[in-house]
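Colleague: Encoded as structure tokens, here's the structure I'll be asking about.
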Amino acid sequence: MNFIHKRPIWTIFVLFILGATAILGNMVYLSNSINKELALKYAESYLVALNTFHSFYSTEVVARVKSNGGKVSSQYKDIPGAIPVPATFSIDLASKITEAESGVTTRLYSDFPFSSRKDGGPRDKYESLALSTLRFAEDKSLPYVSYENLDGQRTLRFTKSLIMKKSCVDCHNTHPDSPKKDWKIGDMRGARVVNIPLDHAGDMARAGWLMTLTVMAGMFIMLIFFIYMIIQALRSSIHMLSKTNSSYDRFVPHE
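Numbering (this note's numbering), first residue to last: 7 to 261.
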């Protein structure tokens, strides 16, 4: 208490530093939590959209074309009038809509890729682990999520399983490039992963923290200045009263 009485400015300064640290720490925690939550929701909606389009293409487009004698091939670009098989269509679609500026990437992979797909299997430890984990999961609708450094950036890696439907079973069990011919409805034929870098959002959050801290520091300096002026005025008044009392003591008896 004696220190507070003698050093009020220093006391306020220390309290400000403690308060600013607590506020900034809470802001960092909240922004990181919000960033992760938004990335998860974005990844979920991103894969739902791709998988829905993939399923629609397989059941409504490929099935109609094949029933009318049309050509469906993974090498459709080399065959006049042919359309891509669902997996190839999904891969090409994903490559077209991948967001280059934000760094978001996605790919479809499997333990049993078509022989024409040279890069159709897992690329790294995460993709292999995601595939095995999802295959033995009781609820295959749940994603496999991990946060790790990818290409030098902190990245959300979000993977969901792809389940065989009737049109998929018919295609994979009869296609000459398919390495597996005994697929059943409900089997997990592979997975789709989406990678979302988090560093860009983190940089924006840090810029916001710096701006907030700068504003707080400016307000604190103004507050300290006004408090200092008030304290100096009070000290001047106290000094004047002290001198007045001293003068009274010389001329007025204590009794």
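Beta carbons: idealized from backbone N, C-alpha and C, even for Gly.
Quick caveat: nothing in here was measured; it's all calculated off a predicted structure.
Look at S80 and F118 and say whether their C-beta atoms are less than 8 Å apart.
Modeller: Taking the sequence shown and counting its residues from 1, the one referred to as residue 80 is at position 74. Taking the sequence shown and counting its residues from 1, the one referred to as residue 118 is at position 112. In this structure, F118 does not lie closer than 8 Å to S80 by Cβ.
Colleague: Between V20, L247, R241, Y115, which lies nearest to V200 when the distance is taken from Cα to Cα?
Modeller: By one-based count along the sequence shown, residue 200 stands at place 194. For V200, the nearest C-alpha among the options comes from Y115.
Colleague: Roughly how many whole angstroms lie between the Cα atoms of P203 and T165?
Modeller: Taking the first residue of the sequence shown as position 1, residue 203 is located at position 197. Taking the first residue of the sequence shown as position 1, residue 165 is located at position 159. Approximately 15 Å between the Cα atoms of the pair.
Colleague: By the DSSP assignment, the beta strand (DSSP E) with L162 in it spans what residues?
Modeller: As a first step, residue 162 is located in the sequence shown; it is residue number 156 there, counting from the start. Counting along the chain, the beta strand (DSSP E) containing L162 begins and ends at 159-169.
Colleague: Tell whether a beta-carbon distance below 8 Å holds between C174 and R198.
Modeller: By one-based count along the sequence shown, residue 174 stands at place 168. By one-based count along the sequence shown, residue 198 stands at place 192. Their beta carbons are not under 8 Å apart, which means C174 does not touch R198 by this criterion.
Colleague: How would you label V78, buried or exposed, when you count the other beta carbons within 10 angstroms and need 16 or more for buried?
Modeller: Your numbering for residue 78 matches position 72 in the sequence shown. Its Cβ being crowded by 16 or more others within 10 Å, V78 is buried.
Colleague: Can you tell me whether F95 is buried or exposed, with buried defined as 16 or more other CB within 10 angstroms of its CB?
Modeller: The sequence position of residue 95 within the sequence shown is 89, counting from 1. With 16 or more Cβ atoms within 10 Å of its Cβ, F95 is classed as buried.
Colleague: Where do the ends of the alpha helix (DSSP H) carrying L114 lie?
Modeller: Here residue 114 is taken as the residue at index 108 of the sequence shown, counted from 1. Per DSSP, L114 belongs to no alpha helix (DSSP H); it is in the beta strand (DSSP E), 111-115.
Colleague: If you reduce the DSSP assignment to three classes, tell me which class N155 lands in.
Modeller: If you number the sequence shown from 1, residue 155 lands on position 149. Three-state DSSP puts N155 in a strand.
Colleague: Could you compute how far the alpha carbon of F62 sits from the alpha carbon of Q159?
Modeller: Here residue 62 refers to the residue found at position 56 of the sequence shown. Here residue 159 refers to the residue found at position 153 of the sequence shown. Distance between the alpha carbons of F62 and Q159: 34 Å.
Colleague: Ignoring anything shorter than 3 residues, give me the beta strand (DSSP E) runs that lie fully in the region 182-211, in order along the chain.
Modeller: Entirely contained in the region 182-211, the beta strand (DSSP E) runs reaching 3 residues are, in chain order, 194-203.
Colleague: Using only alpha-carbon positions, find the residue among L53, K249, M246 that is nearest to V110.
Modeller: One-based indexing of the sequence shown puts residue 110 at position 104. It is L53.
Colleague: Going along the chain, which residues of its own chain have a beta-carbon closer than 7 Å to the beta-carbon of A49, five neighbours each way excluded?
Modeller: Start at 1 with the first residue of the sequence shown, and residue 49 comes out as number 43. Contacts found: L162, F164, V200, I202.
Colleague: Express the C-alpha separation of N57 and A100 in angstroms, rounding to a whole number.
Modeller: Stepping through the sequence shown from its first residue, residue 100 is reached at position 94. Stepping through the sequence shown from its first residue, residue 57 is reached at position 51. Their Cα atoms are separated by approximately 10 Å.
Colleague: Using three-state DSSP, classify P92 as helix, strand or coil.
Modeller: Taking the first residue of the sequence shown as position 1, residue 92 is located at position 86. Residue state, collapsed to three classes: helix.
Colleague: In the DSSP assignment, find the unbroken alpha helix (DSSP H) run with D176 in it and report its ends.
Modeller: Translated into positions along the sequence shown, residue 176 becomes position 170. 172-180 is the span of the alpha helix (DSSP H), which, as asked, contains D176.
Colleague: Output the distance between the C-alpha atoms of A88 and R129, rounded to the nearest integer angstrom.
Modeller: Within the sequence shown, the letter at position 82 stands for residue 88. Within the sequence shown, the letter at position 123 stands for residue 129. Roughly 29 Å between the two C-alpha positions.
Colleague: Note down the Cα distance separating S242 from M228, rounded to an integer number of angstroms.
Modeller: As a working note, residue 242 is residue 236 in the sequence shown. As a working note, residue 228 is residue 222 in the sequence shown. The straight-line gap from Cα to Cα measures roughly 21 Å.
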